[in-house]
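Keeping their order, the protein sequence lines are chains R and E. In terms of full-length UniProt numbering, the first sequence opens at residue 1 and continues consecutively. In terms of full-length UniProt numbering, the second sequence opens at residue 1 and continues consecutively. One structure below.
There are 2 protein chains.
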Amino acid sequence: MREITLSDVDDIATGAAVLGTGGGGDPHIGRLLAGAALRAYGTVSMVPLDEVPPDATVMPVAMMGAPTVMVEKVPSVEQAAQAAVALAKYLGRELTHIACAEAGGVNSLIPVVAAAQLGLPLVDADGMGRAFPEIQMVLPTLYGIRATPMSIADEKGNHGILDTVDNRWAERLARTATVEMGCSAMISTYAMTGTQARDSLVPGTLSLCGELGALVREARAEHSDPVDAIVTRLGGRRLFSGKVVDVSRRTSTGFAVGTAELAGMDGYVGNLLLRFQNEHLVAEVDGTVVASVPDLICVLDRETGKAITTEALRFGQRVAVISAPSDPRWHTPAGLELAGPRYFGYDHEPVRG
Amino acid sequence: MREITLSDVDDIATGAAVLGTGGGGDPHIGRLLAGAALRAYGTVSMVPLDEVPPDATVMPVAMMGAPTVMVEKVPSVEQAAQAAVALAKYLGRELTHIACAEAGGVNSLIPVVAAAQLGLPLVDADGMGRAFPEIQMVLPTLYGIRATPMSIADEKGNHGILDTVDNRWAERLARTATVEMGCSAMISTYAMTGTQARDSLVPGTLSLCGELGALVREARAEHSDPVDAIVTRLGGRRLFSGKVVDVSRRTSTGFAVGTAELAGMDGYVGNLLLRFQNEHLVAEVDGTVVASVPDLICVLDRETGKAITTEALRFGQRVAVISAPSDPRWHTPAGLELAGPRYFGYDHEPVRG
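This is the structure we're talking about:
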C-alpha cells in the first residue's frame, strides 16, 4: 500500500483494533475521524520505513487516555495536526513525516488524520507493533530516544509542552495532565530523525493493519473463519473460545483497569481470566498463565473476527482469545524491563502464547 | 529602597511573611535562597513600578505548591531564573524585568534570586499585595492579562510550558503538574508588558516588606510592641490575642488546608477560629466572622511580631491575630468573584477586619 484512501480506512481500523490487544481506542471512532479527514483533505501518501530520508523530522501523534472515556469524548479532527505542529514549532524544526506511536483502533488512524490535514507523508510503521498503556513503552525508548519535548492538547484548547528528565517522568506528568484534561488528550511525542525512525520503529504496521482488516472482511464474504485467518497471518495461536461471564472494570488514574472472565465453549473447558490495563496483559486458564505481555493477547468476536476492545467487553459475548508474538525486541532484557509482566506487577516470567 | 543587598534580605523576608497571611512560604527558606543568590551574584537593582518602561517584558516568578512541602523540599537557586528564561524563550521575547507574583516569605524572595542570577532589575511591586492560594488570584486577571503561556519546573529537571484557555485552567493544569512534581514547583506566569505591569500590579510591595521587617526589628530593639507597629503601618487592627489550642491541617490536592483554634488571653475572651487554604481565609470569634478574604488576616508571634505561617502553627504558641485592608481592587465585584469568601465556599459577604 503506497497511499491511504477512503476505501482503506475500514480495513486499517479493523486490523489495528486486533493489534491494539484490547486498547488503542475504538475502531469505530478511528474510522469516523480518518474518514472525515480523508474526505476533507484527500488521500495520504505512505512511505515504507526504509525509504524515510535519514534527515527527516518524524513526529508520532496519538491519543492518550482511558479508552472508557475516549469512546464518549471524541477528539476533534483539528487536534491531531495541532499537536504535531506545536511540537515542531517548539523544537524549531520543519516537520516532514507523521508517524504512528502505537497500533490501535484510534491510534493507528489519528496519524492518518494528521497527515491528511498537513499534506505530509505518513510512515508505514509504529512504535510498538501493538498497543501498550504507558508512554515510555515504545521501542524508541530502548534506543535512547526521548519522549520529550512532547506536546499535549485537549479539545477545549488547553495545550502544553513537557520536557522531562526521562521517559517515565514524561508518562507521569502527561498522565496527570491527561486526567485533568478530562481523561483524554492528544499528544505528539518521540520526535525523531529519519535515521532514528528506521532504527527504532516497527516496519509495516499500517500495511499489516490493512491486511488483517482485509482478511477479516474476505473471510466473512467467503464464509471461512476470520479468527483462523488472523491467527495464521500473525503466526499466533488460538488460546480459548468462550462466553464472557464477568467483567470488572474501573477508570483509575486515567487507565481502564480490570478483569474479564470467560467460560469455555466449542470444546474449550474451564474458565479463562483476562487481566488488563487499557490493553490485555495476562491470560490465565484456571489459574495458570497461558499468555502474557509482551506478546499480544487479542479478544475477537467468535463469528465476525472483529476485535473487541477492553471497554467494549460485555456479559454474554461469544469470543475467541488468541495470542501472537510481539516484535522480538520486546523479549530482550531491556524490553521486558519496560513492558514485561513484572513491570505490571505480575511475579512471573513472560509466557509466550 | 533602590537596590537590594544582603543586609536587606532579613527585613524583606520578615515583612513579606506578614503580608503572606499565613502562606507565601517560610521566610527562613526565602532568606536562605536570597542570601545565597546575592552573595553569588551581587546586589539587585529595584525599579519603582511607575518607572518601568511601557515596552518592558516583565516576568513574575514564584513557587507553587503546598507550604507544608515547601519547607522540606527546598528549591534550588537555579530554578527561579530557569523558569523565567524558559518562558521568555517560548514567547520569543527578550526578558527585561523580573517581578513578584505574590507577597510571602518565599515568594517575595524568589524574584530577588532570579533577578540576581540574571542581572536584571526587579520591579518593586507584586500581583496581589498579599498571598492567595490559586494562580488566577492576581490583580492582572482583572485586567484580562493571561496567566499563560506559563513555565513550570521541578527540582529534578522536569519542566513544561502550559497554554490554557483561561486563568482557571492554568490553575487546574499547573496544580496537577505541581502535585505530581512532588507538591512544589517553580513557575513563571503572567508575562506582561511594562504598561500592563503599571496598570495591574500593586506598587511598592517589596519596599513595604522591607519596611515592615525593619519595624519589627526596631520595635524589638526598643522594647516596644512590634505587633502595634505593624498594625499601625498597615492601617489594620488587632483582632485577638490567644494561645493556639488546636491545629487541624492536611495537604490536599496540593494545598495545606485546615483550621486553627486560639483561646483568648490578654483580656480577649472566647475562642478564635482560623480557616485556611495555604493562606488564612476567615477568622471567627465564637462563631461570628470577624475578618475574611480579601482582607489580610495575619498571625504574629505575640512577643517578637514575626509572622507564623499556617504550616508553622503549633499548639501552645502565644499569638496576635491582626487584620489589614487589601488593595481596594479586591473589593470590586470582579475582585470578590476571584478571591472573595464565596469563591472559597463561605456563604457570607466579605467582612472587613
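Ideal placement from N, C-alpha and C gives every residue a C-beta, glycine not left out.
**Request:** Using only alpha-carbon positions, find the residue among Gly305(E), Val18(E) and Leu91(E) that is nearest to Ser108(E).
**Result:** Numbered from 1 along the second sequence, position 108 holds the residue referred to as residue 108(E). It is Val18(E).
**Item:** Against chain R: residues of the region 137-159 of chain E by CB proximity under 8 Å
**Value:** Lys156, Gly157, Asn158 and His159
**Interface residues of the region 169-200 of chain E facing chain R [CB-CB below 9 Å]** = For the region 169-200 of chain E, which is checked against every Cβ of chain R, the residues closer than 9 Å are Trp169, Ala170, Arg172, Leu173, Arg175, Thr176, Ala177, Val179, Glu180 and Met181.
**Prompt:** Which residues in the same chain as Leu122(E) place their Cβ atom closer than 6 Å to its Cβ, once the five residues preceding and following it in sequence are excluded?
**Reply:** Indexing the second sequence from 1 puts residue 122(E) at position 122. Val44, Met46, Ile98, Pro111 and Ala115.
**Asked** With a cut-off of 8 Å, does the C-beta of Ile161(R) fall near any C-beta of chain E?
**Response** The residue you call residue 161(R) lines up with position 161 of the first sequence. Answer yes: the Cβ-Cβ gap between Ile161(R) and chain E drops below 8 Å somewhere.
**For Pro203(R), the nearest candidate out of Leu32(R), Ala80(R) and Gly127(R) (CA to CA)** = As a working note, residue 203(R) is residue 203 in the first sequence. It is Gly127(R) whose Cα lies nearest to the Cα of Pro203(R).
**Cys298(E) and Thr21(E) closer than 8 Å at C-beta** = The residue you call residue 298(E) lines up with position 298 of the second sequence. The residue you call residue 21(E) lines up with position 21 of the second sequence. Taking 8 Å as the Cβ cut-off, Cys298(E) and Thr21(E) qualify as a contacting pair.
**Item:** Unbroken beta strand (DSSP E) run spanning Ser45(R), endpoints
**Value:** Taking the first sequence and counting its residues from 1, one reaches residue 45(R) at position 45. Looking at the DSSP string, the run of the beta strand (DSSP E) that includes Ser45(R) is Val44 to Pro48.
**Request:** Pick out the complete alpha helix (DSSP H) segments inside the UniProt domain "S-Me-THD N-terminal" (8-163) of chain R, 4 residues or longer, and give them in chain order.
**Result:** Whole alpha helix (DSSP H) segments, 4+ residues: 9-19, 27-41, 67-70, 77-91, 110-118 and 139-142.
**Request:** Spell out whether any CB of chain E is found under 8 Å from the CB atom of Val165(R).
**Result:** Here residue 165(R) corresponds to residue number 165 of the first sequence, with the count starting at 1. With 8 Å as the cut-off, Val165(R) counts as an interface residue toward chain E.
**Request:** Could you say which of Asp327(R), Glu284(R), Pro325(R) and Arg302(R) lies nearest to His348(R) if we only look at CA atoms?
**Result:** Along the first sequence, read from residue 1 onward, the residue named residue 348(R) stands at position 348. Considering only alpha carbons, the answer is Glu284(R).
**Request:** Compute the beta-carbon to beta-carbon distance between Leu6(R) and Arg39(R), rounded to the nearest angstrom, for a pair I have assumed lies under 8 Å.
**Result:** Reading the first sequence from its first residue, position 6 is the one you call residue 6(R). Reading the first sequence from its first residue, position 39 is the one you call residue 39(R). That belief holds up - the Cβ atoms of Leu6(R) and Arg39(R) are roughly 6 Å apart, short of 8 Å.
**Prompt:** Using CA coordinates, which residue listed in Ile135(E), Ile187(E), Phe276(E) and Val61(E) is at the minimum distance from Asp166(E)?
**Reply:** Here residue 166(E) refers to the residue found at position 166 of the second sequence. Nearest option by C-alpha distance: Ile135(E).
**Request:** Specify, as a first and last residue, the run of the alpha helix (DSSP H) that Val216(R) falls within.
**Result:** Within the first sequence, residue 216(R) is the residue found at index 216, counting from 1. Thr205 to Glu222 is the span of the alpha helix (DSSP H), which, as asked, contains Val216(R).
**Request:** Would you decide whether Glu102(E) is buried or exposed? Buried here means 16 or more other CB atoms lie within 10 Å of its CB.
**Result:** Here residue 102(E) refers to the residue found at position 102 of the second sequence. Counting Cβ neighbours within 10 Å, Glu102(E) comes out buried, since at least 16 surround it.
**Message:** Please report the distance separating the alpha-carbon of Gly129(R) from that of Ser184(E).
**Reply:** Position 129 of the first sequence, counted from the first residue, corresponds to residue 129(R). Position 184 of the second sequence, counted from the first residue, corresponds to residue 184(E). Near 38 Å, if we compare the C-alpha coordinates of Ser184(E) and Gly129(R).
**Request:** Would you decide whether Gly104(R) is buried or exposed? Buried here means 16 or more other CB atoms lie within 10 Å of its CB.
**Result:** Taking the first sequence and counting its residues from 1, the one referred to as residue 104(R) is at position 104. Label assigned to Gly104(R): buried.
**Prompt:** Cα separation between Pro328(R) and Met137(R)?
**Reply:** Taking the first sequence and counting its residues from 1, the one referred to as residue 328(R) is at position 328. Taking the first sequence and counting its residues from 1, the one referred to as residue 137(R) is at position 137. The straight-line gap from Cα to Cα measures roughly 14 Å.
**Asked** When you compare only the Cα positions, how much space is there between Ala324(E) and Tyr143(R)?
**Response** Numbered from its first residue, the second sequence carries residue 324(E) at position 324. Numbered from its first residue, the first sequence carries residue 143(R) at position 143. When rounded, the distance between both Cα atoms is 59 Å.
**Asked** Comparing alpha-carbon positions, which option in Asp124(E), Val245(E) and Pro133(E) lies nearest Pro294(E)?
**Response** Along the second sequence, read from residue 1 onward, the residue named residue 294(E) stands at position 294. The option with the nearest alpha carbon to Pro294(E) is Pro133(E).
**Request:** From the DSSP output, in three-state form, read off Ile230(E) for me.
**Result:** Translated into positions along the second sequence, residue 230(E) becomes position 230. Here Ile230(E) sits in helix by DSSP.
**Prompt:** Does the distance from the C-beta atom of Ala16(E) to that of Gly23(E) stay below 8 Å?
**Reply:** Here the question's residue 16(E) lines up with position 16 in the second sequence. Here the question's residue 23(E) lines up with position 23 in the second sequence. Not closer than 8 Å, so no.
**Asked** Distance, Cα to Cα, Ala316(E) vs Gly182(E)?
**Response** The sequence position of residue 316(E) within the second sequence is 316, counting from 1. The sequence position of residue 182(E) within the second sequence is 182, counting from 1. Per the sequence presented here, residue 316(E) reads as Gly, with Ala not at that position. Each residue's Cα considered, the two are about 30 Å apart.
**Request:** Have a look at Arg146(E), Ala84(E) and Leu272(E) and flag the residue whose alpha-carbon is nearest the alpha-carbon of Thr259(E).
**Result:** Start at 1 with the first residue of the second sequence, and residue 259(E) comes out as number 259. Of the listed residues, the one whose Cα sits closest to Thr259(E) is Leu272(E).
**Message:** Beta-carbon within less than 7 Å of Val244(E)'s beta-carbon, same chain only, minus the 5 sequence neighbours each way: which residues are those?
**Reply:** Counted from its first residue, the second sequence places residue 244(E) at position 244. Correct list, in chain order: Ala260, Leu262, Leu313, Arg314, Phe315, Gly316, Gln317 and Val319.
**Item:** Three-state secondary structure (DSSP) of Gly340(E)
**Value:** By one-based count along the second sequence, residue 340(E) stands at place 340. Gly340(E): coil per DSSP, three-state reduction.
**Asked** CB-CB under 6 Å to Val216(E), same chain, minus the five flanking residues each way: which ones, in chain order?
**Response** Mapped onto the second sequence, residue 216(E) falls at position 216. Excluding positions up to five away in sequence, the list reads Thr14, Pro226 and Gly305.
**Request:** Give, in chain order, every unbroken run of the alpha helix (DSSP H) that is at least 4 residues long and sits entirely within the region 297-352 of chain R.
**Result:** 333-339
**Item:** Between the CA atoms of Pro341(R) and residue 360(R) - distance to the nearest angstrom
**Value:** Residue 360(R) lies beyond the stretch modelled for chain R, which goes from 1 to 353, so this question has no answer here.
**Prompt:** DSSP three-state call for Leu6(E): helix, strand or coil?
**Reply:** Mapped onto the second sequence, residue 6(E) falls at position 6. The answer is helix: DSSP assigns Leu6(E) an H, G or I state.
**Asked** If we count the other Cβ atoms within 10 Å of its Cβ and call it buried at 16 or more, is His280(R) buried or exposed?
**Response** Numbered from 1 along the first sequence, position 280 holds the residue referred to as residue 280(R). Per the 10 Å Cβ criterion, buried.
**Item:** Of the residues Val85(R), Ala86(R), Val321(R) and Leu206(R), the one placed nearest Ala291(R), counting alpha carbons only
**Value:** Sequence index remark: in the first sequence, residue 291(R) carries index 291 (1-based). Minimum Cα distance to Ala291(R) is reached at Val321(R).
**Request:** Give me the Cα-Cα distance between Thr253(R) and Tyr343(E), rounded to the nearest whole angstrom.
**Result:** Here residue 253(R) refers to the residue found at position 253 when the first sequence is read from its first residue. Here residue 343(E) refers to the residue found at position 343 when the second sequence is read from its first residue. Going from the Cα of Thr253(R) to the Cα of Tyr343(E) covers about 28 Å.
**Asked** Is it buried or exposed for Thr178(R), if we count other Cβ within 10 angstroms and need 16 for buried?
**Response** The residue you call residue 178(R) lines up with position 178 of the first sequence. Its Cβ being crowded by 16 or more others within 10 Å, Thr178(R) is buried.
**Message:** Give me the DSSP bridge partner(s) of Asp246(E).
**Reply:** Taking the first residue of the second sequence as position 1, residue 246(E) is located at position 246. Its beta-bridge partners are Glu261(E).
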